[in-house]
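S.K.:
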Ligand SMILES: Nc1nc2c(ncn2[C@@H]2O[C@H](COP(=O)(O)OP(=O)(O)OP(=O)(O)O)[C@@H](O)[C@H]2O)c(=O)[nH]1
Ligand SMILES: [Mg+2]
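Residue numbers (my numbering), protein chains in the order written: chain A, 1 to 337; chain B, 1001 to 1135.
(1) Who are the Cβ neighbours of residue 225 (chain A) in its own chain at under 7 angstroms, not counting the five residues just before and after it?
(2) Can you give the Cα-Cα distance for residue 1025 (chain B) and residue 274 (chain A), rounded to whole angstroms?
(3) Check whether the segment 243–254 of chain A touches the segment 56–70 of chain A, taking contact to mean three or more Cβ pairs, one atom from each stretch, closer than 8 angstroms.
(4) Name, please, each residue of chain D whose Cβ falls closer than 7 angstroms to the Cβ of residue 1004 (chain B).
(5) Which class does residue 57 (chain A) belong to by DSSP, given the choice of helix, strand or coil?
(6) Helix, strand or coil for residue 232 (chain A)? Go by DSSP, reduced to three states.
(7) Residues of the segment 72–102 of chain A with a CB closer than 7 angstroms to any CB of chain B: list them in chain order, please.
(8) Going by DSSP, which residues form a beta bridge with residue 117 (chain A)?
(9) Compute the distance between the beta-carbons of residue 98 (chain A) and residue 1037 (chain B), then report whether it is under 9 angstroms.
(10) Looking only at C-alpha atoms, which of A:18, A:51, A:65, A:303 sits nearest to residue 147 (chain A)?
(11) Quick check: what's the CA-CA separation for residue 137 (chain A) versus residue 18 (chain A)?
(12) The segment 1016–1050 of chain B: which residues have C-beta closer than 9 angstroms to a C-beta of chain A, in chain order?
(13) Decide if residue 230 (chain A) is buried, meaning its Cβ has at least 16 other Cβ atoms within 10 Å, or exposed.
(14) May I have all residues whose beta carbon comes closer than 5 angstroms to any heavy atom of ligand 2, sorted in chain order?
(15) Report whether the distance from the Cβ of residue 66 (chain A) to the nearest heavy atom of ligand 1 is below 8 angstroms.
(16) Taking a contact to mean a Cβ-Cβ separation below 9 angstroms, would you say residue 203 (chain A) touches residue 190 (chain A) in this structure?
(17) For residue 171 (chain A), write down the residues that DSSP places opposite it in a beta bridge.
(18) Between which two residues does the beta strand (DSSP E) carrying residue 1062 (chain B) extend?
(19) In the DSSP assignment, find the beta strand (DSSP E) that holds residue 1091 (chain B) and state where it starts and stops.
(20) Kindly confirm or deny that the segment 1067–1082 of chain B and the segment 1115–1130 of chain B touch, where touching means at least three C-beta pairs closer than 8 angstroms.
(21) Residues in its own chain within less than 7 angstroms of residue 318 (chain A) by CB, not counting five upstream and five downstream?
(22) Straight-line CA distance for residue 160 (chain A) to residue 1008 (chain B)?
(23) Taking Cβ-Cβ distances below 8 angstroms as the criterion, which residues of the segment 105–130 of chain A are in contact with chain B?
(24) Considering only residues of the same chain and omitting the five flanking positions on each side of residue 256 (chain A), which have a CB-CB separation below 6 angstroms?
(25) Would you check if the segment 34–47 of chain A and the segment 73–86 of chain A touch, i.e. whether three or more CB-CB distances between them fall below 8 angstroms?
(26) Starting from the beta carbon of residue 23 (chain A), find every residue of chain B whose beta carbon is closer than 8 angstroms, and list them in chain order.
(27) Can you say whether residue 49 (chain A) is buried or exposed, counting buried as having 16 or more other CB atoms within 10 angstroms of its CB?
(28) Secondary structure at residue 77 (chain A), three-state DSSP: helix, strand or coil?
(29) Comparing alpha-carbon positions, which option in A:126, A:106, A:108, A:110 lies nearest residue 85 (chain A)?
(30) So which of A:263, A:119, A:14, A:46 has the shortest CA-CA distance to residue 1192 (chain B)?
(31) Please confirm whether any heavy atom of ligand 3 lies closer than 8 angstroms to the CB of residue 254 (chain A).
(32) Just checking residue 120 (chain A) against ligand 1 - is the residue's beta carbon closer than 8 angstroms to any of the ligand's heavy atoms?
(33) Counting pairs of beta carbons, one from the segment 1086–1103 of chain B and one from the segment 1062–1072 of chain B, are three or more of them closer than 8 angstroms?
(34) With a threshold of 6 angstroms on Cβ separation, who are the neighbours of residue 1125 (chain B) within its own chain once the five nearest residues in sequence on each side are excluded?
(35) Does any residue of chain A have a CB that is nearer than 9 angstroms to the CB of residue 1083 (chain B)?
(36) Express the C-alpha separation of residue 105 (chain A) and residue 1046 (chain B) in angstroms, rounding to a whole number.
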């Protein structure tokens, strides 16, 4: 292969199973080069095989350690695993220290595993803007499972739910009173709740608090309905729907305790997604959201290109001078006046 | 839209259990706008080469305090070459006797940085070697 192969050539090599090409193509995708977009198009027909699992939760709850043992367990069941571990970019320098691999030492030397660290490059939501694309590259490369570890999340980092088939929310005892670290927003995206560090004191308390939260304000269960993912009250839902009861699984990631139960919970959720139609509903919702975002970006760029940045600033001035209402300014820009 | 970052793997091969220096370098490179993959203590040469491949790094920095550099560095270099990563910029930091520095350079190490090196010097070396002004 030439020293600087085209992204297209890299995509072909990825389909042949070449790991270095896979790593290099991921870099192009992260950098959003123009030729990477063509390579993604080449790979698209080869995607759709991988089961995508998201792992999110507050900083230090043990997400990376959990990914390490979970991957080992999946490998024992014969599945190959691609891992994406996202850490934050420093807003001051644009650089990042990516440290999730430290916990994944057990996976070294196994060609059925590929680990890639990503900086979020300023994206909010717990992922990088290109994490979904990188997951698709790993999918096309043939990995059975793609595991995505998000940035240590507080509450608004819920983008993973739109990317993964199954989202694990990881909690640990001793992070503060009454599961403070787990905010409502993040609880709602959980398909499986993991209470890690179950060797620590206070684990019963954490489990009870989560149970209470699940059965109180959050007794919402998701169902697939006309291609929409929606939450319904238990009592108001028609009985013919398949329900998913969010399980709480206790684990000790440093010893591997509880991991078999976690893998079982994942398999049950995967089967549920298939049976309920929620698998396709989630894929459809994801593609809809993606097309919408890409269209918005493209239309915005096209408008700027056609009208020029000056036209936009002129419109801003007119709105500030009260000559035009914002609505009128938009119409004028669209009509090219 | 397109932006590229210098990607650096900082690894600590060998058995000494002390990584303060490596962490200081990792942070300094981050502050210079680079993306630094930090892999922690007691990395084998095999682990380092595999991480360098998967992470598609431009630079591998080895922090070695144990005195085992003349065994570890050639092995890392050899494995990198076997993976097709011969072009990756290889740096060594730590306690390296003066007489070993030319030997390491001959092995393909781009620079050796002793304790107390100004981190800015390392940043500048990387940028110059990769011929990229900005990160
Ligand atoms: N006691 C105990 N410690 C654990 C367990 N799981 C992880 N740890 C420790 O918790 C610390 C943090 O673990 P990580 O896996 O790095 O946590 P993380 O959620 O990935 O952290 P960030 O990526 O920084 O958000 C490490 O020191 C782990 O060894 C566990 O089950 N029990
Ligand atoms: Mg982590």
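Virtual Cβ for every residue (Gly too), placed ideally from N, Cα, C.
M.R.: For this structure:
(1) In the first chain, counting from the first residue as 1, residue 225 (chain A) sits at position 225. Unreliable positioning characterises residue 225 (chain A) in this predicted model, as indicated by a pLDDT of 41, which lies under 50. A coordinate reading is not provided.
(2) Counting from one through the second chain, the residue named residue 1025 (chain B) turns up at place 25. Counting from one through the first chain, the residue named residue 274 (chain A) turns up at place 274. Approximately 48 angstroms between the Cα atoms of the pair.
(3) Taking one beta carbon from each stretch, the segment 243–254 of chain A and the segment 56–70 of chain A have 3 or more pairs nearer than 8 angstroms; the two touch.
(4) This model lacks chain D altogether, as its protein chains are A and B.
(5) Numbered from 1 along the first chain, position 57 holds the residue referred to as residue 57 (chain A). DSSP places residue 57 (chain A) in strand when its eight states are reduced to three.
(6) Numbered from its first residue, the first chain carries residue 232 (chain A) at position 232. Since pLDDT at residue 232 (chain A) reaches only 48, below the 50 mark, its modelled position is unreliable, and no value is offered.
(7) From the segment 72–102 of chain A, only 90, 93, 94, 95, 96, 97, 98, 99, 101, 102 have a Cβ closer than 7 angstroms to chain B.
(8) Within the first chain, the letter at position 117 stands for residue 117 (chain A). For residue 117 (chain A), DSSP records a beta bridge to A:85.
(9) Taking the first residue of the first chain as 1, we reach residue 98 (chain A) at position 98. Taking the first residue of the second chain as 1, we reach residue 1037 (chain B) at position 37. Yes, they are a contact pair.
(10) Here residue 147 (chain A) is taken as the residue at index 147 of the first chain, counted from 1. Cα-wise, what sits closest to residue 147 (chain A) is A:51.
(11) Along the first chain, one-based indexing puts residue 137 (chain A) at 137. Along the first chain, one-based indexing puts residue 18 (chain A) at 18. Using only the alpha carbons, I get a separation of about 12 angstroms.
(12) Result list: 1023, 1026, 1027, 1029, 1030, 1031, 1032, 1033, 1034, 1035, 1036, 1037, 1038, 1039, 1040, 1041, 1042, 1043, 1044, 1046, 1047, 1050.
(13) Taking the first residue of the first chain as position 1, residue 230 (chain A) is located at position 230. Unreliable positioning characterises residue 230 (chain A) in this predicted model, as indicated by a pLDDT of 49, which lies under 50. A coordinate reading is not provided.
(14) That gives A:63, A:64, A:100.
(15) Residue mapping note: residue 66 (chain A) aligns to position 66 of the first chain, counting from 1. True, at least one ligand heavy atom lies under 8 angstroms from that Cβ.
(16) Within the first chain, the letter at position 203 stands for residue 203 (chain A). Within the first chain, the letter at position 190 stands for residue 190 (chain A). Taking 9 angstroms as the cut-off, the Cβ atoms of residue 203 (chain A) and residue 190 (chain A) do not count as close.
(17) Looking up residue 171 (chain A) in the first chain gives position 171. Looking at the DSSP assignment, residue 171 (chain A) forms a beta bridge with A:195.
(18) By 1-based counting over the second chain, the position of residue 1062 (chain B) is 62. For residue 1062 (chain B), the uninterrupted beta strand (DSSP E) segment begins and ends at 1059–1064.
(19) Within the second chain, residue 1091 (chain B) is the residue found at index 91, counting from 1. Its beta strand (DSSP E) spans residues 1089–1094.
(20) Inter-segment contact for the segment 1067–1082 of chain B and the segment 1115–1130 of chain B is absent: fewer than three beta-carbon pairs are separated by less than 8 angstroms.
(21) Reading the first chain from its first residue, position 318 is the one you call residue 318 (chain A). Within the same chain, residue 318 (chain A) has close Cβ partners 324, 329.
(22) Reading the first chain from its first residue, position 160 is the one you call residue 160 (chain A). Reading the second chain from its first residue, position 8 is the one you call residue 1008 (chain B). For residue 160 (chain A) and residue 1008 (chain B), the distance between alpha carbons rounds to 27 angstroms.
(23) For the segment 105–130 of chain A, which is checked against every Cβ of chain B, the residues closer than 8 angstroms are 105, 108, 109, 114, 115, 116, 117, 119, 121.
(24) Taking the first chain and counting its residues from 1, the one referred to as residue 256 (chain A) is at position 256. Here the set comprises 69.
(25) Put simply, the segment 73–86 of chain A does not touch the segment 34–47 of chain A. Fewer than three CB pairs are less than 8 angstroms apart.
(26) Numbered from 1 along the first chain, position 23 holds the residue referred to as residue 23 (chain A). Result: 1053, 1054, 1055, 1056.
(27) Numbered from its first residue, the first chain carries residue 49 (chain A) at position 49. Exposed, since its Cβ has fewer than 16 Cβ neighbours within 10 Å.
(28) As a working mapping, residue 77 (chain A) is identified with position 77 in the first chain. Coil, per DSSP.
(29) Counted from its first residue, the first chain places residue 85 (chain A) at position 85. For residue 85 (chain A), the closest alpha carbon among the candidates A:126, A:106, A:108, A:110 is that of A:126.
(30) The structure shown does not extend to residue 1192 (chain B), since chain B is modelled only from 1001 to 1135, so the question has no answer here.
(31) By its list of ligands, the structure shown excludes ligand 3, since it contains just ligand 1 and ligand 2.
(32) Taking the first residue of the first chain as 1, we reach residue 120 (chain A) at position 120. Relative to ligand 1, the beta carbon of residue 120 (chain A) is positioned no closer than 8 angstroms to any heavy atom.
(33) Contact between the segment 1086–1103 of chain B and the segment 1062–1072 of chain B is present, because at least three Cβ pairs lie under 8 angstroms.
(34) On the second chain, residue 1125 (chain B) is found 125 positions in, with the first residue counted as 1. The answer, listed in chain order, is 1111.
(35) The residue given as residue 1083 (chain B) occupies position 83 in the second chain. Yes, because at least one Cβ of chain A sits closer than 9 angstroms to the Cβ of residue 1083 (chain B).
(36) Numbered from 1 along the second chain, position 46 holds the residue referred to as residue 1046 (chain B). Numbered from 1 along the first chain, position 105 holds the residue referred to as residue 105 (chain A). A straight line joining the alpha-carbon of residue 1046 (chain B) with that of residue 105 (chain A) spans about 11 angstroms.
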